[in-house]
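Quick note, the sequences are listed as chains E and U, same order. Take the first sequence: its position 278, counting from 1, is numbered 278 in my numbering, and each next residue is one higher. All you need for my numbering is the position in the second sequence, starting with 1, plus 1000. The structure under discussion appears below in the form of structure tokens.
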Amino acid sequence: MSNFVRKYIKGDQNIWVIIVFLSLVSLLTVYSATGSLAYSTQGGNTTYFMFKQLSFLLVGITLIILVHHIPYKYFVIFSLPALYFSILMLLITLSSGQNLNEASRWLEVPGIGLSFQPSEMAKLALIVYVARVLAQHQREDAPTYGAFWPITIHTGIVCLLIFPENLSTSLLLGGIVGLMMYLGRVPFKYLFFTGLAGTALVTLVLVLAMNDIVLIDRAETWATRVEHFFDEETATSEYGSDYQVTQSKIAIATGGIFGKGPGNSDQRNFLPHPYSDFIYAIIAEEFGLLGAALVLGAYFFFLGRIGVLVRRSNRTFPAFMVLGLGLMLVIQAFVNMGVAVGIFPVTGQPLPLVSMGGTSILFYMSGSRGNSQC
Amino acid sequence: MFGGLVLFILFELVKLKIFEASKWEEKAKTLESSSIVIEANRGNILDENGKKISLSVPSYRIYMDLRAHGLTSAVFNAKIDSLAICLSQFFGDRSASYYRNDLIRARRNGERYHLVHPRKISYIELQEVREFPIFRRGRNSGGFIPQQYDERRLPFGSLAARTIGKLYGDRSKGGMVGLERAYDNVLKGTNGVSTWKRIAGSWIPEEEIPPHDGKNLITTLNIELQDVAEQSLLHQLQLHDAHHGVAILMEVETGAVKAMVNLHRSEPDVYIEDHFNYAVGEAVEPGSTFKLASIIAALEDGEVRLTDSIDTGNGAYRYYDRIMRDSHHGGFGKITVREAFEKSSNIGISKIIFENYRDNPRRFVDRLYSMGLNKPLGLEIKGEGKPVIKYPGDTSWSGVTLPWMSIGYEVKMTPLQILSFYNAVANNGKLVKPMFVKGISQHGKILREFESEVVNPSICSVATLEKVQDLLKGVVERGTATNIRNDVYQIAGKTGTAQIARGISGYQSEEGVQYIASFVGYFPADRPMYSCIVAVNSPSNDVYYGNVVAGSVFREIADRVYALSYEKLPPDEIKPKITEGVFPWSKGGPEDELSVIFDELGFPVQSRKLNTEWVSTLAMEHAVKFRPKPLPGSLVPQVKGMGAKDAVAVLENRGLKVAISGVGRVARQSIEPGTPVKKGQTIVIYLE
């Protein structure tokens, strides 16, 4: 048995522990948090979403095992076609995607009846691509000038396509690519000015939206979210868009230190998307400060393991890939938890590996191949 | 960097869970279950005949939740234009593009309770608005929030508005004035509560306490009489440009207030009811109408007889440092006590009191107190003015207090208190508390009935009462109020023309002396049904005498009340009580013959001189009643004893052919009387 495990299940054992731990948390919390959804969509079949989540987790874990057996060279070969494919998908989504929360982030796969987020796929493809380009341009003696333009152009295209519908993902992605380039020794002034340009663009759209000039439909929502984040007065009003934050804080506060116990959340009835965007609040409510800290620690530990893996790695491509994917996962997790406790404005970032949702789990799981083995 | 972030998140977690826990738990409590107050419907106020004189009508304001869950951009954008057009057409005050822009802005601002239009609409209108695009999707997916308000309406407009009263603007505070306030607890009912708990994403009603609607108040007011009183008073107030006026009509026996008018001049020629309840709240010096109390006291104490004479001199008489005058120029000279009252001589009345009580004024005031004049009536309507009757020894008591008090100065009473006193005189001495409400009902069932409350079963002896009743009649017959005398029914009452005291400036003011003209009395004088007071405050100075200004209002009210009552009670409406079994049933027949039969049998017969031959009988409680019965046209009549000419005329009228035999009067006829007539049949009459 242990030989079998050793043979087929590869990768860092610590990371496996984290994945299994988070999967268990995910199952319990999703089961608890989907009560409302189960009533409104599944006629009260409360276990529906838990089993769906379980199947996603199992498929995801299988994926990890399988992906571990794919040699790196295929990643290198397929990174560019995959990127272009996902760009195409993003374009299709923008024009005809399913509308959830007014944001067309979803695309339905014909025939299967499943909808998935092309942006998740694009993130993965882009990071692998960036890792490849960075690896190709690494020189012992000079900064990696040559990597800047290909990366910036491709990242720019992907970010701009995600941007109208999902500002936070776009910003996150841009930031992570920037970080990767910095660690990949792209000169800092290049990055600085690119960052400046990006910030200017985002600021412009937001400022216009605050002054009622709407270039992008979603900009209105961002503007109010940002306004509310900085404006204490509306933040205390009953009907502001900070409703979510208030509910989230109530969930966290009432959970206390030891929590209300699995399945005993009250705030799941008030929080919108308690199974994804605000799942951390439900964790804090049901498992208390201890549970919340443990989950937080798990991600931090995950980050640490990535550092170890990167340092251990003797090849550049896997190192960059692990770095990029790992940062993506951890930063997203921190953003999600930060939103729940109220230190970031509300965004729709799910908690990686824990939030309910097939696409992100599948992509993260497959993405974690890099994390698990170098 | 990441370590910092982790610490920051951890710090926030700890802060929320430990340091701010109570704050958020507080908030959580407000969420856990949401209680919705279900407002109870306020009861109606009815007049004595059950007409609604104050009722609640629901009205609605339209609000919109522009962030309603199901109100997506697609829905909103697709329908906003047509909704705007509907709103524009419905409210008819703004363009469709105004409504469109207004709603779009509200949506952008994320308003969850946006007032669509400030106008309140009726229930019928609501049904229309409910069907507008977007709105027809309802609250959750269309953001349609009709906010219900209960409006209190007075269907009869100003009639008795002040007596009925009104509610506070903030409905939860209930009644503000009048009966709405006095009976707030009866009318308001108890609100219900429904508690909702959020379960599985939707609100589920958890517990519900149903509201209990308020009960109806059946008042003693009669809206028709109120109308009469208001119209009459209004007419006089306008005629004399008075400041304000009061008219109260009361049922003598029960003290039930049938009408109570309070009109206040809001601008020249315009009078409003809803200003102040002067009838209840304004205690003023009543003037001459108070002389009734003085004369009762003197008669009761046996100090005077009506035939005693008093020298009123030349119309001016000095008490210490003040001179009292009679309004009659040159004075009345030597007159009787009766004349002093009927002609309202100030000197006459005050001399009676002053001369008999100056040594012991307490005796006089005690007598007034014993009649209850110093006590408020204890009305349920808030704000009753306190009567003021000084007592010897009070700091404000002086030598001139006694004579002036006797003619209604240096005392204060409200119109309703004066009326109650006169009503007691009309009611043979029984002082009853004015009654505004006779019952409480709900769903057409009487839950409670109120009896009239006797304050003082006898304010004075019957002998005195008879004398003063006669005096009050005399005022109208021969005294100061002959102008309201009429031949149909008799009025008893007393005029009053009081100067209005104006604080330290005495009775003078910038506009000269102001008066209150009043008349208080009852009718019909011998069998009093209603008492009434009319007081007109500050009529123009050309005409200010009580008999003219107030008396004419009194007369107008009395006339119409009398006419209305007469109509309601026609003299012979009393239906005979029919009894079967005691007296025999009998066929109708000739009166004389039936009389013989009944006499023979010993049954009493009740009949007027009927002047008819044929009668029908009706067995009643104590007698058999004969009623005239016209001869049926289809029967052969009795012509026996008639002359030939008459008999032929009668018979031919029935279509018979007549053959005559003999001469003289009819002795026999060939067809017996009472036989059905056959047209063209021949009847032979035998004359002898």
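From the three backbone atoms N, C-alpha and C, an ideal C-beta is built for every residue, glycine too.
Among the residues of chain U, those whose CB is under 7 Å from the CB of Met337 of chain E are Ile1009, following chain order.
Where Val1650 of chain U is concerned, the enclosing alpha helix (DSSP H) starts and stops at 1644-1653.
Taking the Cα of Arg1119 of chain U as reference, the smallest distance to any Cα among U:Ile1062, U:Ile1018, U:Pro1286, U:Val1057 is reached at U:Ile1062. Taking all protein chains in view, the Cβ of Asn1653 of chain U is surrounded by fewer than 16 other Cβ atoms within 10 Å, so the residue is classified as exposed.
By alpha-carbon distance to Ala1501 of chain U, the top candidate from U:Tyr1357, U:Val1513, U:Ile1352 is U:Val1513. The beta carbon of Glu1282 of chain U sits no closer than 9 Å to any beta carbon of chain E. Judged by DSSP secondary structure, His1117 of chain U falls within the beta strand (DSSP E) whose first and last residues are 1114-1121.
Contact check for Ser119 of chain E against Asn45 of chain E fails: the beta carbons are separated by 9 Å or more.
Closest option to Glu1380 of chain U, judged by alpha-carbon separation, among U:Ile1164, U:Leu1299, U:Thr1464: U:Ile1164.
In this structure, Tyr1562 of chain U places its C-beta atom within 9 Å of the C-beta atom of Val1488 of chain U. Residue pairing by DSSP puts Gly1245 of chain U in a beta bridge opposite U:Leu1263, U:Val1536. If you draw a 10 Å sphere on the C-beta of His1114 of chain U, you find 16 or more other C-beta atoms in it, and that means buried.
In this structure, DSSP gives His1443 of chain U a state outside helix and strand, which the three-state scheme calls coil. Within the region 48-75 of chain E, not one residue has a Cβ closer than 7 Å to any Cβ of chain U. Counting other Cβ atoms within 10 Å of its Cβ, Phe258 of chain E stays below 16 and is therefore classed as exposed. Taking a beta-carbon distance threshold of 9 Å, Val1186 of chain U does not count as an interface residue toward chain E. Between Thr254 of chain E and chain U, the shortest Cβ-Cβ separation is below 9 Å. Within the region 248-278 of chain E, the residues whose Cβ lies closer than 8 Å to some Cβ of chain U are Lys249, Ile250, Ile252, Ala253, Thr254, Gly255, Gly256, Ile257, Asp266, Gln267, Asn269, Phe270, listed in chain order. The Cβ-Cβ distance between Gly1315 of chain U and Gly1330 of chain U falls below 9 Å. The C-alpha of Thr1617 of chain U is placed about 43 Å away from the C-alpha of Asn1427 of chain U. Taking CB atoms only, Leu173 of chain E has no neighbour in chain U less than 9 Å away. Interface criterion met: the Cβ of Thr246 of chain E is under 9 Å from a Cβ in chain U.
Taking a Cβ-Cβ threshold of 7 Å, the residues of chain E close to Leu1005 of chain U are Phe334, in chain order. For Leu1016 of chain U, no beta strand (DSSP E) encloses it, and the DSSP letter there is neither H nor E. Remark: C-beta atoms of Thr1219 of chain U and Val1432 of chain U do not approach each other more closely than 9 Å.
Gln1147 of chain U sits in a strand when the DSSP states are folded into three classes. DSSP places His69 of chain E in the coil class of the three-state scheme, outside both helix and strand. Using a Cβ-Cβ cut-off of 9 Å, Phe300 of chain E counts as an interface residue toward chain U, since at least one Cβ of chain U sits closer than that to its own. Along the region 1106-1138 of chain U, going in chain order, the ones with a CB nearer than 9 Å to a CB of chain E are Arg1108, Asn1109, Gly1110, Glu1111, Arg1112, Tyr1113. Interface annotation, Leu289 of chain E: in contact with chain U, CB-CB separation under 9 Å. The beta-carbon of Ile1209 of chain U is placed no less than 9 Å from the nearest beta-carbon of chain E.
Here Phe75 of chain E is buried. Its C-beta has 16 or more other C-beta atoms within 10 Å. Closest by C-alpha distance to Gln1669 of chain U, out of U:Pro1676, U:Ile1660, U:Val1677, is U:Ile1660. Ala1242 of chain U sits away from Pro1434 of chain U, with the two beta carbons spaced by 9 Å or more.
Here the region 1062-1076 of chain U makes no contact with the region 1043-1050 of chain U; the two share fewer than three CB pairs at distances below 8 Å.
Excluding the 5 residues flanking it on each side, Asn1140 of chain U has same chain C-beta neighbours closer than 7 Å at Ala1068, His1069, Gly1070, in chain order.
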